[in-house]
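**Student:** Under full-length UniProt numbering, the first residue of the sequence shown carries the number 1, and numbering increases by one thereafter. Glycine included, C-beta positions come from ideal geometry on N, C-alpha and C.
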Amino acid sequence: MNASRIALVTGANQGLGRALVEGLAARMRPDDLVLLTGRSPQRVTEAVHEVTRLPGTHARVEGRVLDVTDNDAIARLAEDLRARHGGVDVVVSNAVARLLPGESQAQRADEFIDVCNTATHAVLRSFGPVLRPGGRLIVVASSLGTLGHLDPRLHHLFDGASLDQVEYAVESWRSAVHRGTATEAGWPLWLNVPSKVAQVAAVRAVAAERRDHDLATDTLIAAVCPGMVDTATSRPWFSDYSHARSPSDAARPVLDLIFTEHVDPSLYGELVRFGRHLDWHDGTPPVEQDRLLTP
Numbered sequence: 001m002n003a004s005r006i007a008l009v010t011g012a013n014q015g016l017g018r019a020l021v022e023g024l025a026a027r028m029r030p031d032d033l034v035l036l037t038g039r040s041p042q043r044v045t046e047a048v049h050e051v052t053r054l055p056g057t058h059a060r061v062e063g064r065v066l067d068v069t070d071n072d073a074i075a076r077l078a079e080d081l082r083a084r085h086g087g088v089d090v091v092v093s094n095a096v097a098r099l100l101p102g103e104s105q106a107q108r109a110d111e112f113i114d115v116c117n118t119a120t121h122a123v124l125r126s127f128g129p130v131l132r133p134g135g136r137l138i139v140v141a142s143s144l145g146t147l148g149h150l151d152p153r154l155h156h157l158f159d160g161a162s163l164d165q166v167e168y169a170v171e172s173w174r175s176a177v178h179r180g181t182a183t184e185a186g187w188p189l190w191l192n193v194p195s196k197v198a199q200v201a202a203v204r205a206v207a208a209e210r211r212d213h214d215l216a217t218d219t220l221i222a223a224v225c226p227g228m229v230d231t232a233t234s235r236p237w238f239s240d241y242s243h244a245r246s247p248s249d250a251a252r253p254v255l256d257l258i259f260t261e262h263v264d265p266s267l268y269g270e271l272v273r274f275g276r277h278l279d280w281h282d283g284t285p286p287v288e289q290d291r292l293l294t295p
């Protein structure tokens, strides 16, 4: 990637997003710019202040207030970066809605889908066109994002789908949750599963349209699984955290992927975990979490 690079991370006030900003700022150059984005002006300001004071920070770090549920705001930010800088070099879509095991999945569905899925679609649509040659557009998902984690009745909604079709499938799922017919149709109770599958499907859809051109210019679009990360968002879901990674440790392989000089074609458009892609058709429905959520 060229000098004077521009990087942006969503959901970057804390946890993995914050660690990714720190890692980008440490690995990039003094004339590069890392944008730390979040919804709260105060938390964005505080996070930027703390990151800039860390030893080893080289790049400039600036804050941008961004509510990822506002599609127009995402589009405006992308256009502003195109106008000011000619585009962006690194975009990491990391924002996530916190969900607790005891909460009603149906009551939280709209917020969860808006933050995790509708925002992902908006980032792909808005930042894909302004991604410079040699750039990286990364969506943070999880190993639950492979198709096999869904009931086979739902596979046709995402396998080989366009981005428009993925969006339609997500909204169909949202409607089924509100109607109380989601379980009957095969959707898991746990919102995180179809959400992650849809995120990876969206990445695959966009990548399929750009693959030849992007590989010719060493440009990467991919989803990533950072593994189990010890954060406030994930901790309530697991009883054993002995193998969990700190945000900084979890960020390292994601940063390695971003800063790899040449794109590995086997990783392009795929869900990548620790430098290897996960089989899109792999996985089994996570019945343990569904049991946890069943009254």
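Under the three-state reduction of DSSP, which class applies to residue 39: helix, strand or coil?
**Tutor:** Mapped onto the sequence shown, residue 39 falls at position 39. Looking at residue 39 - three-state DSSP - the assignment turns out to be coil, as it is neither helix nor strand.
**Student:** Thinking residue 32 and residue 59 are a contact (beta carbons under 8 Å), I'd like their distance in whole angstroms, please.
**Tutor:** Indexing the sequence shown from 1 puts residue 32 at position 32. Indexing the sequence shown from 1 puts residue 59 at position 59. Right, their Cβ atoms sit about 4 Å apart.
**Student:** Identify every run of the beta strand (DSSP E) within the region 175-239, keeping only runs that are complete inside it and at least 3 residues long; order them along the chain.
**Tutor:** 220-224
**Student:** Using DSSP's beta-bridge definition, name the partner residues of residue 166.
**Tutor:** In the sequence shown, counting from the first residue as 1, residue 166 sits at position 166. Answer is none; residue 166 lacks a bridge partner.
**Student:** Count the CB pairs spanning the region 21-32 and the region 96-113 that are closer than 8 Å, and state whether there are at least three.
**Tutor:** Touching, no, given that fewer than three Cβ pairs across the two stretches are closer than 8 Å.
**Student:** Under the rule that 16 or more other beta-carbon atoms within 10 Å means buried, what is residue 168, buried or exposed?
**Tutor:** Within the sequence shown, numbered from 1, the residue matching residue 168 stands at position 168. Classification of residue 168: exposed, given that the 10 Å Cβ count is below 16.
**Student:** Residue 243: which of 256, 229, 251 sits nearest, CA to CA?
**Tutor:** Position 243 of the sequence shown holds residue 243. Selected option, being the one with the closest Cα: 229.
**Student:** Work out the CA separation of residue 179 and residue 55 for me, nearest whole Å.
**Tutor:** For this step, residue 55 is matched to residue 55 along the sequence shown. For this step, residue 179 is matched to residue 179 along the sequence shown. Distance between the alpha carbons of residue 55 and residue 179 is about 52 Å.
**Student:** Secondary structure at residue 261, three-state DSSP: helix, strand or coil?
**Tutor:** By one-based count along the sequence shown, residue 261 stands at place 261. Residue state, collapsed to three classes: coil.
**Student:** Could you have a look at residue 283 and say whether DSSP puts it in helix, strand or coil?
**Tutor:** Locating residue 283 in the sequence shown gives position 283, where the first residue counts as 1. Residue 283 falls in the coil class under three-state DSSP.
**Student:** Out of curiosity, what's the CA-to-CA distance linking residue 130 and residue 86?
**Tutor:** One-based indexing of the sequence shown puts residue 130 at position 130. One-based indexing of the sequence shown puts residue 86 at position 86. Each residue's Cα considered, the two are about 8 Å apart.
**Student:** Using the Cα positions of residue 124 and residue 164, report the straight-line distance between them to the nearest angstrom.
**Tutor:** Looking up residue 124 in the sequence shown gives position 124. Looking up residue 164 in the sequence shown gives position 164. One C-alpha to the other measures close to 12 Å.
**Student:** May I have the straight-line CA-CA distance separating residue 82 from residue 212, to the nearest angstrom?
**Tutor:** The residue given as residue 82 occupies position 82 in the sequence shown. The residue given as residue 212 occupies position 212 in the sequence shown. Straight-line Cα distance between these residues: approximately 23 Å.
**Student:** Taking C-beta to C-beta, are residue 200 and residue 145 nearer than 8 Å?
**Tutor:** Taking the sequence shown and counting its residues from 1, one reaches residue 200 at position 200. Taking the sequence shown and counting its residues from 1, one reaches residue 145 at position 145. Their beta carbons are under 8 Å apart, which means residue 200 touches residue 145 by this criterion.
**Student:** Are the Cβ atoms of residue 255 and residue 20 separated by less than 8 Å?
**Tutor:** On the sequence shown, residue 255 is found 255 positions in, with the first residue counted as 1. On the sequence shown, residue 20 is found 20 positions in, with the first residue counted as 1. Yes, these two residues count as a Cβ contact at 8 Å.
**Student:** Taking only three categories from DSSP, how would you classify residue 81?
**Tutor:** Numbered from 1 along the sequence shown, position 81 holds the residue referred to as residue 81. Residue state, collapsed to three classes: helix.
**Student:** Using DSSP bridges, identify the partner residues of residue 8.
**Tutor:** On the sequence shown, position 8 is the one that residue 8 refers to. Bridge partners of residue 8: 35, 91.
**Student:** Looking at the strands, I want to know which residues DSSP matches up with residue 62.
**Tutor:** As a first step, residue 62 is located in the sequence shown; it is residue number 62 there, counting from the start. Answer is 35, bridged to residue 62.
**Student:** Skipping 5 residues on each side, what residues in its chain have a beta carbon closer than 6 Å to that of residue 282?
**Tutor:** Locating residue 282 in the sequence shown gives position 282, counting from the first residue. Result list for residue 282: 146, 148, in chain order.
**Student:** For residue 55, does the three-state DSSP call read helix, strand or coil?
**Tutor:** Translated into positions along the sequence shown, residue 55 becomes position 55. Here residue 55 sits in coil by DSSP.
**Student:** Consult DSSP for residue 245 and reduce its assignment to one of helix, strand or coil.
**Tutor:** What you label residue 245 is simply residue 245 of the sequence shown in a count that begins at 1. In the structure shown, residue 245 sits in a strand (DSSP, three-state: E or B).
**Student:** Is it buried or exposed, residue 279, if we count other Cβ atoms within 10 angstroms and call 16 or more buried?
**Tutor:** For this step, residue 279 is matched to residue 279 along the sequence shown. Exposed.
**Student:** For residue 273, tell me which candidate among 122, 73, 102, 142 has the shortest Cα-Cα distance.
**Tutor:** Sequence index remark: in the sequence shown, residue 273 carries index 273 (1-based). Considering only alpha carbons, the answer is 142.
**Student:** Along the chain, where does the beta strand (DSSP E) that runs through residue 137 open and close?
**Tutor:** Reading the sequence shown from its first residue, position 137 is the one you call residue 137. Residues 131-140.
**Student:** Is it the case that the Cβ atoms of residue 137 and residue 221 are separated by a distance below 8 Å?
**Tutor:** On the sequence shown, residue 137 is found 137 positions in, with the first residue counted as 1. On the sequence shown, residue 221 is found 221 positions in, with the first residue counted as 1. Yes. Within cutoff.
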